[in-house]
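Novice: Order-wise, the sequence lines are chains A and B. Residue numbering for the first sequence follows the working numbering, starting at 40 and increasing by one per position. Residue numbering for the second sequence follows the working numbering, starting at 698 and increasing by one per position. For every residue, glycine included, the Cβ atom is placed at its ideal position computed from N, Cα and C. Keep in mind the model is a prediction, meaning the values are calculated, not measured.
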Amino acid sequence: MPRDGLVAVVKRDCPTCRLVEPVLRQLPGLVVYSQDDPAFPADVADVRDDTGLEVSLALDIQTVPTLLRFTGGEVAERTEGWLRPAWEELAGVAVLGPELPEHRPGCGSRTGDPEFADELLVRTQGDRLGSRRIEISALEDELEALFDRGWSDGLPVVPPTPARVLRMLAGTSRAAHEVVGVVPPNLVEVTVEKVAVNAVLAGCRPEYLPVVLAAVQAACTEEFNAHGLLATTWSAGPAIVVNGPVVRAIGMNSGGNALGQGNRANLTIGRALQLVIRNVGGGRPGEVDRAALGNPGKLGFCFAEDEQGSPWEPLSVSRGIEPGASAVTVFAAEGPRGLADQISRTPESLARSLAAGLRGVAHPKLPMAFDATLVVSPEHARVFAAAGWSRSRLERALGEALLLDAAELERGAGGIEEGIRARAAGGPVPKFRPGGLLIVHAGGGAGMFSAVIGGWVGGPGGSQPVTREVAPWT
Amino acid sequence: MDLTGGPRGRTVLDPTDERAAAHRVPRPRPVSLDGLRVGLLDISKPRGDVFLDRLAELLAERGVRVRRYAKPTFTKPAPVDLRREIVAECDVVIEALAD
């Protein structure tokens, strides 16, 4: 690069660059950087090859041709496209290209070519990435190679190329090296970048990353006890319910089939959390994951609460998050089980119905054993809404209906050996510990069906639901 | 950086805690075959059997007993069962690779 003098950046592919070719020949001491063809422009003494785009990037070239004047090693002036008076003034030449039209706009610089976007992203920002780079050999199938390295949950994963990870990191304003949490079972510190790598594997879009980060943060807490939940022989795994404006912003599903397939955000956010536990924490089935049966939701289980149609405040608000803020709540979850009640039109009857469905969690004869989540569908919720029942009113009614007669629970009662010890309870026994039942509103507009999601051992000796705010995703 | 159409997306970032080695390295060559279980694998290329028969003779002179294996065809990778059988029964395997 000259300390003083004129520099032009051009490409042959640009008609304006070809138009000004005679002008370029006319400029004294001009250095030309050619983005696509070192033989262009012809008959200029000092044409330099910039097909690697290093100089174009360093000079932040957006448009070709760009004419620059250097003074003392610094860019003193620049002009883009062809505008005769601007070129004459910048070059200090009285008359330039008199036969040319007065003005022609330039073309996009090759640095903006979508074909090179990934390479340039990695070149300009790749040093932000600290993860080990692994080369996949030319003879390996890319997707098979990721299976072979043990990074998959059993379904294909998206190769976490540096460019994809950088694009993922654009989804958060948090620094790549920032530690998000300590992931069990191996108690490994996980950075924003490592979460992003696994979010790429899972198939997330960058705008989902703040939700994934919040979920990882929530899952890596003492209260949630992801280690115990992973290591138990019980079938549950971590599930996520999302609240707040982020739900609509990233297109999550809280309506029909909210707990099922078909929505990328729901599916991949839940999967990303599980891949972090698998890949970073080292929690793999057959190793520390000792589940006797497992459940399909262990691939990833995430959905949004339907706040618009809900008769209640958002779950996150009932758990201490400011209204209007986005949040995740992680909880231990088996697969959901439907509860059909198409007859009840009074809240009392419907609450007793739902309680009957909840009684089976863990075992109908085991009280204070496992937590549970009740997903109330819109057609059930409207019964409570019409009666003016708040969430806590429903919780109370469920609690009353789930005060179980100790005599029915004792070992041997009902001809079933499982149960509590004889005379262990002095009176009726609650099915769930206080705070052991989450109530969420979600589902499609038709169907008087709610769902019971059994959990796992609740309280300090097991796993407690944890709610964390989603950091603003500016 | 390759802006001229070379292979793309062949580098990936490690999603793990990076405790495991990035690349698997072959085991070191055994210093001696004494006491090792040696397999001879014929991949069914012509005259592979001649080569392996002679090796078996030479190894027998040194008191090394061998087990013989054969791939059904050299055009395809060894069947999984055969690979497992060799892994279970041998410490070392010598393969007759070429014609």
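Can you confirm whether V747/B, when its beta carbon is compared against all beta carbons of chain A, has any partner nearer than 8 Å?
Specialist: Position 50 of the second sequence holds residue 747/B. Not an interface residue.
Novice: Taking DSSP as the reference, what is the three-state secondary structure of L45/A?
Specialist: For the purposes of this step, residue 45/A is taken as the residue at position 6 of the first sequence. L45/A: strand per DSSP, three-state reduction.
Novice: Count the CB pairs spanning the region 45–59 of chain A and the region 103–114 of chain A that are closer than 8 Å, and state whether there are at least three.
Specialist: Segments in contact, yes.
Novice: Over the uninterrupted alpha helix (DSSP H) stretch that includes G374/A, give me the two end residues.
Specialist: Counted from its first residue, the first sequence places residue 374/A at position 335. Unbroken run through G374/A: none, as it is neither H nor E.
Novice: Rounded to a whole number of angstroms, what is the C-alpha to C-alpha distance between H216/A and V234/A?
Specialist: Within the first sequence, residue 216/A is the residue found at index 177, counting from 1. Within the first sequence, residue 234/A is the residue found at index 195, counting from 1. For H216/A and V234/A, the distance between alpha carbons rounds to 10 Å.
Novice: Comparing the C-beta of I478/A with each C-beta of chain B, is any distance below 8 Å?
Specialist: Position 439 of the first sequence, counted from the start, is the residue given in the question as residue 478/A. Answer no: the Cβ-Cβ gap between I478/A and chain B never drops below 8 Å.
Novice: From the beta carbon of L208/A, is the nearest beta carbon of chain B less than 8 Å away?
Specialist: Position 169 of the first sequence, counted from the start, is the residue given in the question as residue 208/A. L208/A does not count as touching chain B.
Novice: Can you find the residues in the same chain that come closer than 7 Å, C-beta to C-beta, to A202/A, ignoring five residues on each side of it along the sequence?
Specialist: Indexing the first sequence from 1 puts residue 202/A at position 163. Excluding sequence neighbours, A202/A sits near D157, L160 and V161.
Novice: If you measure from the beta carbon of E183/A to each beta carbon in chain B, is any gap under 8 Å?
Specialist: The count along the first sequence starts at 1 and reaches residue 183/A at position 144. With 8 Å as the cut-off, E183/A does not count as an interface residue toward chain B.
Novice: When we look at the beta-carbon of A275/A and count the other beta-carbons within 10 Å, is it buried (16 or more) or exposed?
Specialist: As a working note, residue 275/A is residue 236 in the first sequence. That one is buried.
Novice: So, is G703/B buried or exposed, given that buried needs 16 or more other C-beta atoms within 10 angstroms?
Specialist: Locating residue 703/B in the second sequence gives position 6, where the first residue counts as 1. For G703/B, the pLDDT reaches just 46, beneath the cut-off of 50, and the residue's location in the model is therefore unreliable, although a value from the coordinates is still provided. G703/B comes out exposed.
Novice: Taking C-alpha atoms, which residue in L738/B, V722/B, D714/B and A719/B lies nearest to V789/B?
Specialist: Residue 789/B sits at position 92 when you count from the first residue of the second sequence. Nearest option by C-alpha distance: L738/B.
Novice: Counting only runs that start and end within the region 75–108 of chain A, where is the beta strand (DSSP E) found for 3 or more residues in a row?
Specialist: Runs of the beta strand (DSSP E) inside the region 75–108 of chain A: 85–88.
Novice: Please state the DSSP three-state secondary structure of I740/B.
Specialist: The sequence position of residue 740/B within the second sequence is 43, counting from 1. In the structure shown, I740/B sits in coil (DSSP, three-state: anything other than H, G, I, E or B).
Novice: Beta strand (DSSP E) containing F5/A: first to last residue?
Specialist: There is no way to answer for residue 5/A, as the model of chain A reaches only from 40 to 513.
Novice: With a CB to CB cut of under 6 Å and the five nearest residues on each side skipped, what residues in its chain are close to N305/A?
Specialist: Taking the first residue of the first sequence as position 1, residue 305/A is located at position 266. Around N305/A: M291, N292, C341 and F342.
Novice: Which same chain residues, not among the five before or five after L314/A, have their C-beta less than 6 Å away from its C-beta?
Specialist: Against the first sequence, residue 314/A aligns to sequence position 275. N237, L240 and A241, listed in sequence order.
Novice: Would you verify that the beta carbon of R172/A is, or is not, closer than 8 Å to some beta carbon of chain B?
Specialist: For the purposes of this step, residue 172/A is taken as residue 133 along the first sequence, with counting starting at 1. Interface residue, yes.
Novice: Straight-line CA distance for G79/A to V48/A?
Specialist: For this step, residue 79/A is matched to residue 40 along the first sequence. For this step, residue 48/A is matched to residue 9 along the first sequence. The residue you asked about is not Gly; residue 79/A is Phe in the sequence shown. Approximately 11 Å, taken between the alpha carbons.
Novice: Going by C-alpha to C-alpha distance, which of A420/A, V505/A, V285/A and A84/A sits closest to Q381/A?
Specialist: The residue given as residue 381/A occupies position 342 in the first sequence. Ranking the options by Cα distance to Q381/A, first place goes to A420/A.
Novice: Under 8 Å between the Cβ atoms of A200/A and V231/A?
Specialist: Residue mapping note: residue 200/A aligns to position 161 of the first sequence, counting from 1. Residue mapping note: residue 231/A aligns to position 192 of the first sequence, counting from 1. It should be pointed out that residue 200/A corresponds to Thr in this sequence rather than to Ala. Not a contact, by the Cβ cut-off of 8 Å.
Novice: Return no unless some Cβ of chain B is closer than 8 Å to the Cβ of W190/A.
Specialist: Looking up residue 190/A in the first sequence gives position 151. Yes, its Cβ sits closer than 8 Å to a Cβ of chain B.
Novice: How long is the line joining the alpha carbons of P386/A and I289/A, rounded to whole angstroms?
Specialist: Within the first sequence, residue 386/A is the residue found at index 347, counting from 1. Within the first sequence, residue 289/A is the residue found at index 250, counting from 1. Using only the alpha carbons, I get a separation of about 34 Å.
Novice: Which residues share a DSSP beta bridge with P324/A?
Specialist: Here the question's residue 324/A lines up with position 285 in the first sequence. Beta-bridge pairing links P324/A to D328/A.
Novice: So, under 8 Å CB-CB, A394/A and A440/A are touching, yes? Tell me the CB distance rounded to an integer number of Å.
Specialist: In the first sequence, the residue the question calls residue 394/A occupies position 355. In the first sequence, the residue the question calls residue 440/A occupies position 401. About 4 Å separates the two Cβ atoms, so the contact holds.
Novice: Where does E262/A sit, in a helix, a strand or coil, going by DSSP?
Specialist: Counting from 1 along the first sequence, the entry for residue 262/A is found at position 223. Of the three classes helix, strand and coil, the one that applies to E262/A here is coil, per DSSP.
Novice: Name, please, each residue of chain A whose Cβ falls closer than 7 Å to the Cβ of A719/B.
Specialist: Residue mapping note: residue 719/B aligns to position 22 of the second sequence, counting from 1. In chain order: R171 and I173.
Novice: Residues in its own chain within less than 6 Å of G451/A by CB, not counting five upstream and five downstream?
Specialist: Translated into positions along the first sequence, residue 451/A becomes position 412. Answer for G451/A: no residue qualifies.
Novice: Roughly how many whole angstroms lie between the Cα atoms of G745/B and R751/B?
Specialist: Taking the first residue of the second sequence as position 1, residue 745/B is located at position 48. Taking the first residue of the second sequence as position 1, residue 751/B is located at position 54. If you take the alpha carbons of G745/B and R751/B, they lie about 10 Å apart.
Novice: Roughly how many angstroms lie between the CA atoms of G497/A and L710/B, to the nearest whole one?
Specialist: In the first sequence, the residue the question calls residue 497/A occupies position 458. In the second sequence, the residue the question calls residue 710/B occupies position 13. Looking at the two C-alpha atoms, the distance is approximately 37 Å.
Novice: Quick one: is S388/A buried, meaning 16 or more other Cβ sit within 10 Å of its Cβ, or exposed?
Specialist: What you label residue 388/A is simply residue 349 of the first sequence in a count that begins at 1. Exposed.
Novice: Only counting the same chain, and skipping five residues up and downstream in sequence, which positions put a Cβ closer than 8 Å to that of V204/A?
Specialist: Mapped onto the first sequence, residue 204/A falls at position 165. Correct list, in chain order: L168, S170, E232, A235, V236 and V239.
Novice: Looking at chain A, is there any beta carbon in it that lies within less than 8 Å of the beta carbon of E715/B?
Specialist: Walking along the second sequence from the start, residue 715/B turns up at place 18. It does: the Cβ of E715/B has a partner Cβ on chain A nearer than 8 Å.
Novice: At the level of alpha carbons, what is the spacing between D187/A and L178/A?
Specialist: Counted from its first residue, the first sequence places residue 187/A at position 148. Counted from its first residue, the first sequence places residue 178/A at position 139. Rounded to the nearest angstrom, the two C-alpha atoms are 14 Å apart.
Novice: In angstroms, rounded to a whole number, what distance separates the CA positions of G295/A and V491/A?
Specialist: Within the first sequence, the letter at position 256 stands for residue 295/A. Within the first sequence, the letter at position 452 stands for residue 491/A. Taking the straight line from one Cα to the other gives about 16 Å.
Novice: If we count the other Cβ atoms within 10 Å of its Cβ and call it buried at 16 or more, is Q528/A buried or exposed?
Specialist: Within the shown structure, residues of chain A are numbered from 40 to 513, placing residue 528/A beyond reach of any answer.
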